[in-house]
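*Asks:* The structure is given below, and queries will be raised subsequently.
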Amino acid sequence: MILSKIKRAAGKLEKRPAQAPKTSMDMVFTLAEAMRFGYAETLGKWNLLDLPRAILYSIMEKGEKTVAIECKERDDCVQLKDPEILKELYELKKCLTRTMLFSKKRFRVFLFAAGFVKGDVLLRKRKARILKPAFTMIRDKESKCLFVFIRGTRSIKDTLTDAIGAPVSFNHFICSDGELKKNNVISGHGHRGMVAAAGWIKKHCTPKLLDELRQYPDFQIKIVGHSLGGGTAALLTYMLREIKQFSSCTCVTFGPAACMSLDLAEFGKPFVTSIINGYDMVPTLSASSVHDFVSEGLIKRKKFINSAFNAIGSRIPFASGAKAIADRAVSRGTEVVMKSKQRTRSLITWPRRENAAALSSSKSADLAEASQSSDTSYEVTEELIISEFTSDEDDGSKSSSEGSDHDDMDEEEEQIISATHNIANAELNQYLKEIQLEAQDDYPNINGAKEKEAATKEGTTEAEMNDEVVHIEEREGSTAATSDKLVRHHLYPPGRILHIVPVLSHENSKSNHNDDADEKHVVLYETGKEVYGKLRLSRRMLFDHMTGKYLKVLQQLINQLEKEKSHYGA
Numbered sequence: 161m162i163l164s165k166i167k168r169a170a171g172k173l174e175k176r177p178a179q180a181p182k183t184s185m186d187m188v189f190t191l192a193e194a195m196r197f198g199y200a201e202t203l204g205k206w207n208l209l210d211l212p213r214a215i216l217y218s219i220m221e222k223g224e225k226t227v228a229i230e231c232k233e234r235d236d237c238v239q240l241k242d243p244e245i246l247k248e249l250y251e252l253k254k255c256l257t258r259t260m261l262f263s264k265k266r267f268r269v270f271l272f273a274a275g276f277v278k279g280d281v282l283l284r285k286r287k288a289r290i291l292k293p294a295f296t297m298i299r300d301k302e303s304k305c306l307f308v309f310i311r312g313t314r315s316i317k318d319t320l321t322d323a324i325g326a327p328v329s330f331n332h333f334i335c336s337d338g339e340l341k342k343n344n345v346i347s348g349h350g351h352r353g354m355v356a357a358a359g360w361i362k363k364h365c366t367p368k369l370l371d372e373l374r375q376y377p378d379f380q381i382k383i384v385g386h387s388l389g390g391g392t393a394a395l396l397t398y399m400l401r402e403i404k405q406f407s408s409c410t411c412v413t414f415g416p417a418a419c420m421s422l423d424l425a426e427f428g429k430p431f432v433t434s435i436i437n438g439y440d441m442v443p444t445l446s447a448s449s450v451h452d453f454v455s456e457g458l459i460k461r462k463k464f465i466n467s468a469f470n471a472i473g474s475r476i477p478f479a480s481g482a483k484a485i486a487d488r489a490v491s492r493g494t495e496v497v498m499k500s501k502q503r504t505r506s507l508i509t510w511p512r513r514e515n516a517a518a519l520s521s522s523k524s525a526d527l528a529e530a531s532q533s534s535d536t537s538y539e540v541t542e543e544l545i546i547s548e549f550t551s552d553e554d555d556g557s558k559s560s561s562e563g564s565d566h567d568d569m570d571e572e573e574e575q576i577i578s579a580t581h582n583i584a585n586a587e588l589n590q591y592l593k594e595i596q597l598e599a600q601d602d603y604p605n606i607n608g609a610k611e612k613e614a615a616t617k618e619g620t621t622e623a624e625m626n627d628e629v630v631h632i633e634e635r636e637g638s639t640a641a642t643s644d645k646l647v648r649h650h651l652y653p654p655g656r657i658l659h660i661v662p663v664l665s666h667e668n669s670k671s672n673h674n675d676d677a678d679e680k681h682v683v684l685y686e687t688g689k690e691v692y693g694k695l696r697l698s699r700r701m702l703f704d705h706m707t708g709k710y711l712k713v714l715q716q717l718i719n720q721l722e723k724e725k726s727h728y729g730a
């Protein structure tokens, strides 16, 4: 009963739409969903130590390529060297500065530093809740733009929004000629928590944006965010562009979370720009990438254990020798048992045939005499079998002694073989007792018929057992195949990706974990989505995600390009 209730509750949680909670009961269901998803993706799949082991093996692995080397070698990564990109970088730096001020400073300080006044604030939600991130909407008359700034992860409630990361179906309807057509749709999946957060922000922003566009029809709409705010901003942009008045909406994200499937991310290149810095891990972090990372860790662990055993066996000859002796002893023992069983069966069937012929020739003989003759014949067969088996043992002992002369077998192997002989003797005696009991109870001719029926039944039962085993194996194989073929929806960062890659002083080093050296300069690449399908760990993976580090590296890139532009101009 309890398990069925749990399954029903899990089914209800999966069927719930991706939306922000409205009541306290919705809040309870959302928390339960976060716990269920967290358990299903961690302890529900792996052992407690599998993830730490995978991280350890990833750190210990040598020869892993750095981001700079990978971007340089891949065909879908293009280095941007044109100084004309400086104009775009200035705008990106302006958006990043305002995003950092909104995330870290008090709101009054943010307005003053960003050059806004209180009258420019159109809407503000300063406290974050579960699936309801903090955001603000501001009118910028200087750039003729309506900005929506979405804050990243800063509180436990924001972390819970991140934790509800199950991929949910997300369809983007393309608005063409001012109309939505059902045929023009891009189907995919999105991060459940961010889809719900984007829908909640859309509900609050749409009336205000429509009012502002009626008053300022030449204004543009730009959604900006970092981390959790970046993924939510991209999904919100997709939602707003389905409205006729917002079809020209654009988006800028910094260190965005992996929030949508590949087709959706590729479709957003014309109107979504994502900036990624160095070894930032967040754009590669999703449930599917963690699953692949732990699976690779398990494979590395098996390889490590096998190599360790091989190294120990090569250095300690006793270990490999003992294993070989044990294998030989077991194989010899099984061969002796099989030979003894085959000989006993051949000896038992021979006197039964003679008895059947004698009974068919003398039909008028008494049943008692037939039973006596059968008893005597079974006694004779027993003596023959015992004598044959003892001779077999002698032969086995001779062969084993000869084998010991040739193979230099140890005393332990001889003891194992003698033990298998004793087991064979015990099985043989028990088998003969069963035959004698059957002969005493039934007549010989009936006994022969029963033996045939038993043989046929054994054949049928063995066939049925084999069929059942085959069916069970097929079922297990089918379930394993279905579990292996279980579709995993990989999530990627959205839109056009500009990756600022640090070029280290030790450029020839290929280790991803010796990345704490001083940087000479940085390089800007426009990268493909496949670069972020795999979880990448580094010592700087969290430090490179900070907005302050983003701003520092972006300024370094601007200074570098300005120097190159002045050099070319001179």
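Under my numbering, the sequence shown has 708 at position 548, and the numbering climbs by one with no breaks. Even glycine gets a Cβ: it sits at the ideal position worked out from N, Cα and C.
#1: Give me the DSSP bridge partner(s) of residue 300.
#2: Would you call residue 244 buried or exposed, if buried means 16 or more other Cβ atoms sit within 10 Å of its Cβ?
#3: If contacts are defined as beta-carbon pairs under 8 Å, then residue 148 and residue 432 qualify, I think. What distance do you get, rounded to the angstrom?
#4: Rounded to the nearest angstrom, how far is the Cβ of residue 415 from that of residue 383, given a contact under 8 Å?
#5: Would you report the Cα separation of residue 385 and residue 393, rounded to the nearest angstrom?
#6: What residue range does the beta strand (DSSP E) around residue 284 cover?
#7: Do residue 412 and residue 283 count as a contact pair if the criterion is CB distance below 8 Å?
#8: In this structure, does DSSP put residue 292 in helix, strand or coil?
#9: Tell me which residue opens and which closes the alpha helix (DSSP H) that residue 263 is part of.
#10: Taking three-plus beta-carbon pairs below 8 Å as touching, is the stretch 283 to 297 in contact with the stretch 305 to 313?
#11: Could you tell me which of 259, 434, 453, 494 sits nearest to residue 248, measuring between CA atoms?
#12: Could you compute how far the alpha carbon of residue 345 sits from the alpha carbon of residue 329?
#13: Just to confirm, are residue 713 and residue 228 a CB contact at a threshold of 8 Å?
#14: If we call anything under 8 Å between Cβ atoms a contact, is residue 471 one with residue 355?
#15: Taking the CB atoms as reference points, tell me whether residue 240 and residue 686 lie closer together than 8 Å.
#16: Could you name the residues of the same chain whose beta carbon sits closer than 8 Å to that of residue 261, not counting the 5 residues immediately before and after it, in chain order?
#17: Going by beta carbon distance, what residues of the same chain come within less than 6 Å of residue 326, once the five residues before and after it are set aside?
#18: From what residue to what residue does the beta strand (DSSP E) around residue 427 run?
#19: For the putative contact between residue 396 and residue 417, defined by C-beta atoms under 8 Å, what is the C-beta separation to the nearest angstrom?
#20: Any contact of the stretch 438 to 453 with the stretch 365 to 377, i.e. 3+ C-beta pairs under 8 Å?
#21: Using the Cα positions of residue 237 and residue 703, report the straight-line distance between them to the nearest angstrom.
#22: Taking buried to mean at least 16 other C-beta atoms within 10 Å of its own C-beta, is residue 214 buried or exposed?
#23: In whole angstroms, what is the alpha-carbon distance linking residue 466 and residue 460?
#24: Take residue 659 and list the residues in its own chain whose beta-carbon comes closer than 6 Å to its own, dropping the five residues that flank it on each side.
#25: Taking residue 246 and residue 722 to be in contact with their CB atoms under 8 Å, please state how far apart those CB atoms are, rounded to whole angstroms.
#26: Terminal residues of the continuous alpha helix (DSSP H) containing residue 364?
#27: Roughly how many angstroms lie between the CA atoms of residue 719 and residue 706, to the nearest whole one?
#28: Would you check if the distance between the CB atom of residue 297 and the CB atom of residue 651 is smaller than 8 Å?
#29: Let me know the secondary structure DSSP gives residue 409 once reduced to three states.
#30: Can you list, in chain order, the residues of its chain whose CB lies under 8 Å from that of residue 423, leaving out five sequence neighbours each side?
#31: Around the C-beta of residue 250, are 16 or more other C-beta atoms found within 10 angstroms, so that it is buried, or is it exposed?
#32: Could you give the DSSP three-state label for residue 277: helix, strand or coil?
#33: Could you check if residue 450 is buried or exposed, using at least 16 other CB atoms within 10 Å of its CB as the buried criterion?
#34: Looking only at its chain, what residues have a beta carbon closer than 6 Å to the beta carbon of residue 194, apart from the 5 residues adjacent to it on each side?
#35: If you reduce the DSSP assignment to three classes, tell me which class residue 221 lands in.
#36: Taking 8 Å as the cut-off, decide whether the C-beta atoms of residue 306 and residue 379 are in contact.
*Replies:* So, from the data block:
#1: Translated into positions along the sequence shown, residue 300 becomes position 140. 305.
#2: As a position in the sequence shown, residue 244 is number 84, starting the count at 1. Exposed, because fewer than 16 other Cβ atoms sit within 10 Å of the Cβ of residue 244.
#3: The structure shown does not extend to residue 148, since the chain is modelled only from 161 through 730, so no value can be given for it.
#4: Position 255 of the sequence shown, counted from the start, is the residue given in the question as residue 415. Position 223 of the sequence shown, counted from the start, is the residue given in the question as residue 383. So it is not a contact: roughly 15 Å between Cβ atoms.
#5: What you label residue 385 is simply residue 225 of the sequence shown in a count that begins at 1. What you label residue 393 is simply residue 233 of the sequence shown in a count that begins at 1. About 6 Å.
#6: What you label residue 284 is simply residue 124 of the sequence shown in a count that begins at 1. Taken as a continuous stretch (DSSP letters only), the beta strand (DSSP E) holding residue 284 covers 281 to 285.
#7: In the sequence shown, the residue the question calls residue 283 occupies position 123. In the sequence shown, the residue the question calls residue 412 occupies position 252. The answer is no: Cβ separation not under 8 Å.
#8: Translated into the one-based positions of the sequence shown, residue 292 becomes position 132. Residue state, collapsed to three classes: strand.
#9: Locating residue 263 in the sequence shown gives position 103, where the first residue counts as 1. Residues 246 to 264.
#10: yes
#11: Looking up residue 248 in the sequence shown gives position 88. Ranking the options by Cα distance to residue 248, first place goes to 434.
#12: As a first step, residue 345 is located in the sequence shown; it is residue number 185 there, counting from the start. As a first step, residue 329 is located in the sequence shown; it is residue number 169 there, counting from the start. Spanning the two alpha carbons is a distance of roughly 13 Å.
#13: Against the sequence shown, residue 713 aligns to sequence position 553. Against the sequence shown, residue 228 aligns to sequence position 68. For residue 713 and residue 228, no; Cβs fall outside 8 Å.
#14: Position 311 of the sequence shown, counting from 1, holds the residue named residue 471. Position 195 of the sequence shown, counting from 1, holds the residue named residue 355. No, the pair does not count as a contact, with Cβ atoms beyond the cut-off.
#15: Your numbering for residue 240 matches position 80 in the sequence shown. Your numbering for residue 686 matches position 526 in the sequence shown. Their beta carbons are under 8 Å apart, which means residue 240 touches residue 686 by this criterion.
#16: Here residue 261 refers to the residue found at position 101 of the sequence shown. Correct list, in chain order: 269, 270, 273, 274.
#17: Counting from 1 along the sequence shown, the entry for residue 326 is found at position 166. Result list for residue 326: 197, 352, in chain order.
#18: As a first step, residue 427 is located in the sequence shown; it is residue number 267 there, counting from the start. Looking at the DSSP string, residue 427 is not in any beta strand (DSSP E); the run it does join, the alpha helix (DSSP H), is 422 to 427.
#19: Residue 396 sits at position 236 when you count from the first residue of the sequence shown. Residue 417 sits at position 257 when you count from the first residue of the sequence shown. So it is not a contact: roughly 13 Å between Cβ atoms.
#20: no
#21: Taking the sequence shown and counting its residues from 1, the one referred to as residue 237 is at position 77. Taking the sequence shown and counting its residues from 1, the one referred to as residue 703 is at position 543. Residue 237 and residue 703: Cα-Cα distance of roughly 24 Å.
#22: Along the sequence shown, one-based indexing puts residue 214 at 54. Its Cβ being crowded by 16 or more others within 10 Å, residue 214 is buried.
#23: Locating residue 466 in the sequence shown gives position 306, counting from the first residue. Locating residue 460 in the sequence shown gives position 300, counting from the first residue. Distance between the alpha carbons of residue 466 and residue 460: 10 Å.
#24: Here residue 659 refers to the residue found at position 499 of the sequence shown. For residue 659, where only same-chain residues beyond five positions count, the Cβ hits under 6 Å are 436, 685, 687.
#25: Working through the sequence shown from its first residue, we reach residue 246 at position 86. Working through the sequence shown from its first residue, we reach residue 722 at position 562. Rounded, the Cβ-Cβ distance is 7 Å, consistent with contact.
#26: On the sequence shown, residue 364 is found 204 positions in, with the first residue counted as 1. Taken as a continuous stretch (DSSP letters only), the alpha helix (DSSP H) holding residue 364 covers 352 to 375.
#27: Taking the first residue of the sequence shown as 1, we reach residue 719 at position 559. Taking the first residue of the sequence shown as 1, we reach residue 706 at position 546. Each residue's Cα considered, the two are about 20 Å apart.
#28: Looking up residue 297 in the sequence shown gives position 137. Looking up residue 651 in the sequence shown gives position 491. No, these two residues do not count as a Cβ contact at 8 Å.
#29: As a working note, residue 409 is residue 249 in the sequence shown. Looking at residue 409 - three-state DSSP - the assignment turns out to be coil, as it is neither helix nor strand.
#30: Taking the sequence shown and counting its residues from 1, the one referred to as residue 423 is at position 263. The answer, listed in chain order, is 346, 347, 348.
#31: By one-based count along the sequence shown, residue 250 stands at place 90. Classification for residue 250: exposed.
#32: The residue you call residue 277 lines up with position 117 of the sequence shown. Looking at residue 277 - three-state DSSP - the assignment turns out to be coil, as it is neither helix nor strand.
#33: The residue you call residue 450 lines up with position 290 of the sequence shown. By the neighbour-count rule (16 or more Cβ atoms within 10 Å), residue 450 is buried.
#34: Indexing the sequence shown from 1 puts residue 194 at position 34. Closer than 6 Å at Cβ, skipping near neighbours: 320, 323, 324.
#35: Here residue 221 is taken as the residue at index 61 of the sequence shown, counted from 1. Coil, per DSSP.
#36: Within the sequence shown, the letter at position 146 stands for residue 306. Within the sequence shown, the letter at position 219 stands for residue 379. In contact: residue 306 and residue 379 (Cβ atoms closer than 8 Å).
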